[in-house]
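Heads up, the sequence shown is in the numbering used here, so the first residue is 612 and it goes up one at a time. Using N, Cα and C, we set each Cβ at its ideal position, and we do this for glycine too. In this text, all values refer to a predicted model and were calculated from it rather than measured experimentally.
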Amino acid sequence: LDEEWEQRELKQRMRHITHALHEFLPKDYGAALTVLEQAAPSFGGFEAMFFPDFVEVYGQADWERSLSALEHFTKFSSSEFAVR
Numbered sequence: 612l613d614e615e616w617e618q619r620e621l622k623q624r625m626r627h628i629t630h631a632l633h634e635f636l637p638k639d640y641g642a643a644l645t646v647l648e649q650a651a652p653s654f655g656g657f658e659a660m661f662f663p664d665f666v667e668v669y670g671q672a673d674w675e676r677s678l679s680a681l682e683h684f685t686k687f688s689s690s691e692f693a694v695r
């Protein structure tokens, strides 16, 4: 979080979390997804919407792995934004 958090809209908050996670997760996309897939069951609803956002931002080059991840994340939250 930062000093601008309260002023951000939902999608802006998701994107902020996505970028922050990218700084600390493995740089290999598949390895990062493995970590996120293990963490996802602990979240639900709006609080879990950053998982598919991570796929939207960083998964464009790995279509097959990204679709599999979105299928998994949809169990816990909507992947609608990422699919669009």
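Rounded straight-line distance, which links the Cα of E615 to that of F692: For the purposes of this step, residue 692 is identified with residue 81 of the sequence shown, where counting begins at 1. For the purposes of this step, residue 615 is identified with residue 4 of the sequence shown, where counting begins at 1. When rounded, the distance between both Cα atoms is 22 Å.
Beta-carbon gap between F687 and G655 smaller than 7 Å: Residue numbering aside, residue 687 sits at position 76 when the sequence shown is read from its first letter. Residue numbering aside, residue 655 sits at position 44 when the sequence shown is read from its first letter. Yes.
Check whether A680 and L644 have beta carbons under 7 Å apart: Translated into the one-based positions of the sequence shown, residue 680 becomes position 69. Translated into the one-based positions of the sequence shown, residue 644 becomes position 33. Yes. Within cutoff.
Counted within 10 angstroms of its Cβ, other Cβ atoms place V666 as buried (16 or more) or exposed: The residue you call residue 666 lines up with position 55 of the sequence shown. Label assigned to V666: buried.
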